[in-house]
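Have a look at the structure below before the remarks.
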Amino acid sequence: MEKDAWWKLNYVMAIGLRLIIVLTSTSFIHPDEHFQNSVIAIHDVFKPSSHQHRTWEWDPLRLPGHTIGGGPVRSIVPVWITSHVALYTLKFFHVWGLISLLESDRSHFCFTLDCPYNHSVATYRYLSWSWNNSLNQLAASPSDISTRALVIFPRLILFLLSLLVDGLIFRQVRSRTIQLLHAFSLHSLLLVFLLSLSISNPKNPARLSCLIAWTLLNVFAVWVRVTYICFAFPIVVMVGYTRLSRSFALSFTVGATALLGMPLLIWLDSLYFGRWPTIAPISLLLYNLDPENLAQHGTHPRYLHLLVNGPIMFGPALWCVGWCQIWARLKHSPTIVNCVTSLRCISSVSMASLISGTLMLSIQPHQEARFLLPLVFPLTILCSRSTSKSPSSNFRRMFWVRTCVLNFFHLLHSGITVVLFGYLHQGGVQLALENIPSEAKILLSYRTFDVPSALVTGARMSKIENLRGVGEDVLVRALCESSVRLDEERQLVLLAPRWALTPELEDHFHLLFSSAMPHLDLDRLAHIFNAGPHRYGIGLYTIHPQTFRASELC
1034 MEKDAWWKLN YVMAIGLRLI IVLTSTSFIH PDEHFQNSVI AIHDVFKPSS
1084 HQHRTWEWDP LRLPGHTIGG GPVRSIVPVW ITSHVALYTL KFFHVWGLIS
1134 LLESDRSHFC FTLDCPYNHS VATYRYLSWS WNNSLNQLAA SPSDISTRAL
1184 VIFPRLILFL LSLLVDGLIF RQVRSRTIQL LHAFSLHSLL LVFLLSLSIS
1234 NPKNPARLSC LIAWTLLNVF AVWVRVTYIC FAFPIVVMVG YTRLSRSFAL
1284 SFTVGATALL GMPLLIWLDS LYFGRWPTIA PISLLLYNLD PENLAQHGTH
1334 PRYLHLLVNG PIMFGPALWC VGWCQIWARL KHSPTIVNCV TSLRCISSVS
1384 MASLISGTLM LSIQPHQEAR FLLPLVFPLT ILCSRSTSKS PSSNFRRMFW
1434 VRTCVLNFFH LLHSGITVVL FGYLHQGGVQ LALENIPSEA KILLSYRTFD
1484 VPSALVTGAR MSKIENLRGV GEDVLVRALC ESSVRLDEER QLVLLAPRWA
1534 LTPELEDHFH LLFSSAMPHL DLDRLAHIFN AGPHRYGIGL YTIHPQTFRA
1584 SELC
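Take 1034 as the starting number for the sequence shown in my numbering and just add one per residue.
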């Protein structure tokens, strides 16, 4: 009984920590293109401008000459289920007065030339502001709504869905050693549902409702991302062999359900994008097979997923345990999928999914760590099975030492990556956007995150230009060209890491805001360390157009 209470306490602490990370993270990066989803959903729900910002993934005229495969490569239906629901909830809460607007004095949470606070105090105040402002700073008009609220609410929807995933895994694995600080995405959620519906004992009769749900789940998941096939392939093969091949009625039900589900998704996407037919999975598949597109996005060695991306995404401990479980299983039996019981079945299918997902994705030369994200649940299941086996008395101490070492290194990796990618990477950008003057007309971003117009809520911008990693001479030329169009002060704004600007150039700007949180760029670590502690953060500058035009720079 005491062990159950201790385990429940640990779970509550893990959930609380997960929620804190969701509410206080300063980064825009989120799995499953979550941020891109939010941007297009913000325009649909709040319509902050007549010109909608769409990346190439959502462009209905991407390849006008191609009837099939030339439209958007992403489906809008999964975005409706997550980001649109979250943002409509945000809008509903304010309209009905369920959340009151709290006026925040943003000067308390900045670190500028005039702020007397040191970095530690500013960081503490910023974290406090993040917690309160993300839930409470809402407004009726899109121009007043908080940037933090627009980012946080879609994350909260995924957080609530992650609790559902926890329940599914606990019910199937029945292990108290399961890892709880897992990453999450809609893509991963669908794989867990598929596992849950697929591992029923083949001796029991298949329920029609479960079979229909299983089929619709597969169809919908392919529309979320076509690479889902790589992870689900062994699961579909197992169900097809153990259930569908023995009954024509079941096979017909699956086929009919799929033929009804796919046209519905095609119709919804075509209705939204105004392009018929819009078949997102085919468009994405053809895009990824085009050599020109691969060259544009970059190619990688085939072993990158197995040797680099897997350990980065899940931690070396969890990644190694998963593959060691496969090696140990293959030594005893060459057949991985052996579903005598549900518990053995979920382990077998997890192994098969890990192998197929890694190997099939390795065929594609463009490899990013986020592509492996759905494997977090098969790995979690394999890790929990490895640490929950009852060891013999002779090896009991060695077993617990191994378990403690595994948990330590996994939590160490989780802690490092949370701080690195959740706070330091792109650190301070959200708060900087909150401090843009209302008079601003032109925003230039330099060597930082590409700022979409949907997240600039405090000013009506006529132009947002993302200069990315260009040289300082290109930045100066862009500032000179932009200053010609403006006359008044505070209309031209620059968002750039302070370490990316030379002191001589920075002297021509007025520093409006500087984040206490470091703004980390893993490609330019030398620049960051050479700049000094007071220049680690990101800066928001206003440029007086007339003064800058009269300087020697122009």
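Ideal Cβ positions, reconstructed from N, Cα and C, are used throughout, including at glycine.
Separation of residue j from residue i, as counted between CA atoms
i, j, result
"Phe1410", "Ser1471", "45 Å"
"Val1489", "Ile1449", "30 Å"
"Leu1189", "Glu1585", "49 Å"
"Arg1362", "Thr1391", "18 Å"
"Val1259", "Pro1314", "5 Å"
"Phe1542", "Glu1514", "16 Å"
"Tyr1569", "His1577", "24 Å"
"Leu1439", "Cys1378", "24 Å"
"His1215", "Leu1293", "Low confidence applies to His1215: its pLDDT is 46, below 50, so where it sits in the model is not reliable enough to give any reading."
"Ile1054", "Thr1580", "43 Å"
"Phe1442", "Pro1344", "12 Å"
"Pro1398", "Leu1318", "13 Å"
"Ile1245", "Leu1476", "50 Å"
"Gln1590", "Val1257", "Lying before the first or after the last residue shown, residue 1590 is absent from the chain, which here runs from 1034 to 1587."
"Ser1395", "His1446", "24 Å"
"Leu1544", "Asp1092", "37 Å"
"Thr1535", "Leu1196", "47 Å"
"Cys1353", "Leu1408", "13 Å"
"Thr1575", "Val1452", "30 Å"
"Gly1502", "Val1045", "43 Å"
"Trp1129", "Thr1122", "11 Å"
"Phe1266", "Leu1250", "13 Å"
"Thr1180", "His1552", "18 Å"
"Arg1582", "Gln1329", "36 Å"
"Ile1497", "Glu1537", "25 Å"
"Asn1169", "Phe1285", "Interpretation of Asn1169 is limited by its pLDDT of 45, a score under 50 that renders its predicted location unreliable; the figure taken from the coordinates is listed afterwards. Straight-line Cα distance between these residues: approximately 51 Å."
"Lys1364", "Cys1263", "24 Å"
"Arg1087", "Ala1549", "32 Å"
"Cys1587", "Ala1511", "10 Å"
"Arg1051", "Gly1455", "12 Å"
Beta-bridge partners of residue i, as assigned by DSSP
i, result
"Thr1575", "Val1526, His1543"
"Arg1501", "Tyr1479"
"His1458", "Leu1553"
"Lys1364", "None, per the DSSP bridge assignment."
"Lys1496", "Ile1475"
Cβ-Cβ separation, residue j to residue i (assumed contact under 8 Å), whole Å
i, j, result
"Asn1342", "Ala1402", "4 Å"
"Ala1074", "Ser1116", "4 Å"
"Arg1523", "Ile1571", "So it is not a contact: roughly 18 Å between Cβ atoms."
"Pro1105", "Phe1306", "6 Å"
"Ala1492", "Ala1473", "4 Å"
"Leu1500", "Ser1478", "7 Å"
"Ile1185", "Phe1079", "The pair is not a contact, with the Cβ atoms about 15 Å apart (cut-off 8 Å)."
"Leu1387", "Ile1359", "7 Å"
"Asn1468", "Phe1347", "Actually they do not touch by this definition, with Cβ atoms about 37 Å apart."
"Ser1381", "Ile1414", "The pair is not a contact, with the Cβ atoms about 10 Å apart (cut-off 8 Å)."
Exposure label - residue i; buried when at least 16 CB within 10 Å
i, result
"Phe1404", "buried"
"Ala1289", "exposed"
"Trp1247", "buried"
"Pro1485", "buried"
"Gly1355", "buried"
"Leu1457", "buried"
"Leu1337", "buried"
"Asn1563", "exposed"
"Phe1281", "exposed"
"Gln1400", "buried"
"Ser1316", "buried"
"Ile1101", "exposed"
"Pro1187", "buried"
"Gly1049", "exposed"
"His1076", "buried"
"Gly1103", "buried"
Chain B contact for residue i (CB, 8 Å cutoff)
i, result
"Ala1038", "Annotation note: the requested chain B is absent from the structure, which comprises a single protein chain."
(request) Specify whether the stretch 1103-1119 and the stretch 1292-1302 touch according to this definition: at least 3 beta carbon pairs, one from each stretch, less than 8 Å apart. (result) yes
(message) Counting beta carbon pairs with one atom in the stretch 1044-1063 and one in the stretch 1461-1479, are three or more of them shorter than 8 Å?
(response) yes
(request) Indicate whether the contact test is met: 3 or more Cβ pairs, each with one atom in the stretch 1506-1520 and one in the stretch 1558-1565, closer than 8 Å. (result) no
(request) Please confirm if the stretch 1261-1278 is in contact with the stretch 1317-1335, defined as three or more CB-CB distances below 8 Å between the two stretches. (result) no
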